[in-house]
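When we follow my numbering, the leftmost residue of the sequence shown carries the number 23, and every step to the right adds one.
All C-beta atoms in this analysis are idealised placements derived from N, C-alpha and C, irrespective of residue type, glycine included.
Here is the structure we will look at.
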Amino acid sequence: MSRLSQKRGGAARFRRFLLQEVMPFVEQRYRTGARRTILGESLTGLFVVDTLLTEPTAFSEYIAISPSLWWDDRRWVGAAAEAGLARAKRVRLFLAVADEGGTMRDGVDRLRTMIDRLPAGRVTLRYAEYRATATHATVYHGAAEAALRWLYPAPPFDNGPTPWFMIDGASPPAL
Numbered sequence: 023m024s025r026l027s028q029k030r031g032g033a034a035r036f037r038r039f040l041l042q043e044v045m046p047f048v049e050q051r052y053r054t055g056a057r058r059t060i061l062g063e064s065l066t067g068l069f070v071v072d073t074l075l076t077e078p079t080a081f082s083e084y085i086a087i088s089p090s091l092w093w094d095d096r097r098w099v100g101a102a103a104e105a106g107l108a109r110a111k112r113v114r115l116f117l118a119v120a121d122e123g124g125t126m127r128d129g130v131d132r133l134r135t136m137i138d139r140l141p142a143g144r145v146t147l148r149y150a151e152y153r154a155t156a157t158h159a160t161v162y163h164g165a166a167e168a169a170l171r172w173l174y175p176a177p178p179f180d181n182g183p184t185p186w187f188m189i190d191g192a193s194p195p196a197l
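Following this line, the structure appears as C-alpha cells:
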C-alpha cells in the first residue's frame, strides 16, 4: 500500500472546517453576499463534486474542472450520491473536462446522467469540453475563466451617449 493511499480521506473533516470555521470567520470580518461558490480542479474538483453530493445546500455555485471522479474506484457513485444530489435546490454546476478518457471520462458521464435525471431547476449544468485545446495539466485557467464569466457576468457597460467620432459619417459639433 502506498503512503498516498494510507493518507486518503478526510474530505468530510475538511468540509466541516471550511463550512463551520473558515466561512463564518470570513463573513464576520468582510462584507459578503448571499452567493457562495466553490471551485476545484483534479482532486479538489472531486472534493467539489463530493460537496455537491453530500452538502448540496452549502454553496450556490460549484465549479469542478477535470474532477478526478475515478478516485477510490468511483465509490461516490450510487444511491447515496443520487439522494444527496436530489436535495440540491437551484444550484449551478460548471463541469469541465480536458482530453481525458477512460475512467476519468466515465465518472464525468455518470455525474451528467445523474443530473439529467433530476427535476428541472435543481441543478443547472454548464458542461464544457476542452478536448482539442487542453490537457489535464493545462485546462485550469481557461475553464476557470469560462466558469467565472458564466456565473458572474460583467454588467453591461454604459458610458453615456456614443461620442460623435465613433458614429459613421458624423461631423464634429459646431463650436
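For residue i, the three-state DSSP class (helix, strand or coil)
i	result
Ala165	helix
Val145	strand
Glu49	helix
Glu151	strand
Ala105	helix
Ser24	Note that Ser24 has pLDDT 47, beneath the 50 cutoff, so the model's placement of it is unreliable and the number below is only indicative. Three-state DSSP puts Ser24 in coil, outside helix and strand.
Thr66	helix
Gly124	helix
Leu75	helix
Asp180	coil
Asp190	coil
Classification of residue i by the beta-carbon crowding that lies within 10 angstroms, buried from 16 upward
i	result
Thr54	exposed
Leu61	buried
Tyr174	exposed
Ile85	buried
Leu75	buried
Ala176	exposed
Leu26	Only weak support is given to the placement of Leu26: the predicted model assigns it a pLDDT of 47, under 50, and the question is left unresolved by the model.
Contacting residues, own chain, Cβ-Cβ under 7 Å from residue i (five flanking each side not counted)
i	result
Trp6	No answer is possible for residue 6: the residues shown for the chain start at 23 and end at 197.
Glu210	The shown model of the chain, from 23 to 197, leaves out residue 210, and the question about it has no answer.
Leu68	Pro89, Ser90, Leu91, Trp93
Glu104	Met136
Residue(s) in a DSSP beta bridge with residue i
i	result
Tyr84	Ile60, Leu115
Contacts around residue i, its chain only, beta-carbon distance under 8 Å, and the 5 residues preceding and following it disregarded
i	result
Phe187	Pro194
Ala34	Thr76
Proximal residues to residue i (C-beta, below 6 Å), its chain only, five neighbours per side dropped
i	result
Thr125	Trp92
His58	For the sequence presented, residue 58 should be read as Arg rather than His. Once the five neighbours on either side are set aside, the close Cβ partners of Arg58 are Phe81, Ser82.
Leu133	none
Ala110	Pro78, Arg144, Val145
Leu65	Ser90
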